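So my numbering is basically just the index in the sequence shown, starting at one, shifted up by 2. No residue lacks a Cβ here, since even glycine has one placed at the ideal position from N, Cα and C. Note that this is a predicted model, so its numbers are computed, not measured. Inspection log for the structure reproduced underneath, given as structure tokens.
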Amino acid sequence: MKPKTCRKILNGVAVAGICIIILSYIPGLQAIRKEMINGVTVLLIGDLIFGFLFLRCPHCKKLLNFRWSSQSICHNCGQRLDEEEK
Numbered sequence: 003m004k005p006k007t008c009r010k011i012l013n014g015v016a017v018a019g020i021c022i023i024i025l026s027y028i029p030g031l032q033a034i035r036k037e038m039i040n041g042v043t044v045l046l047i048g049d050l051i052f053g054f055l056f057l058r059c060p061h062c063k064k065l066l067n068f069r070w071s072s073q074s075i076c077h078n079c080g081q082r083l084d085e086e087e088k
């Protein structure tokens, strides 16, 4: 999987989790707040596991940095991340 696609998935799941947490504070949904928070916890743990499995350099297969969404060069092998592997 391309790092750019992987980062979009990671960011999308994180934003969805934050939205669910915010929704859990709506007065009508307070009865299921605990279930919503537990669901988001599982979702975010799954998001981290997904990141560790798939956020890798397509050339050297080393883990990329989670913090740099604009990272275009692998800091391990120096290859460009947007190039196809040969």
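request  = Please state if the CB of P60 and the CB of K4 are separated by a distance shorter than 9 Å.
outcome  = Against a cut-off of 9 Å, the Cβ pair of P60 and K4 comes out as a contact.
ask   = With I75 and L65 assumed to form a contact (beta carbons below 8 Å), what rounded beta-carbon distance in angstroms separates them?
value = At roughly 15 Å, the Cβ-Cβ gap does not stay under 8 Å, so I75 and L65 are not in contact.
inquiry  = Taking the alpha-carbon of V17 as reference, which of D49, R35 and Y27 has the nearest alpha-carbon?
reply    = D49
Residue closest to E37, alpha-carbon to alpha-carbon, out of K63, I23 and C79 = I23
ask   = Leaving out five residues before and five after P90 in sequence, what residues of the same chain have Cβ atoms less than 6 Å from its Cβ?
value = Nothing about residue 90 can be read from this structure; the chain reaches only from 3 to 88.
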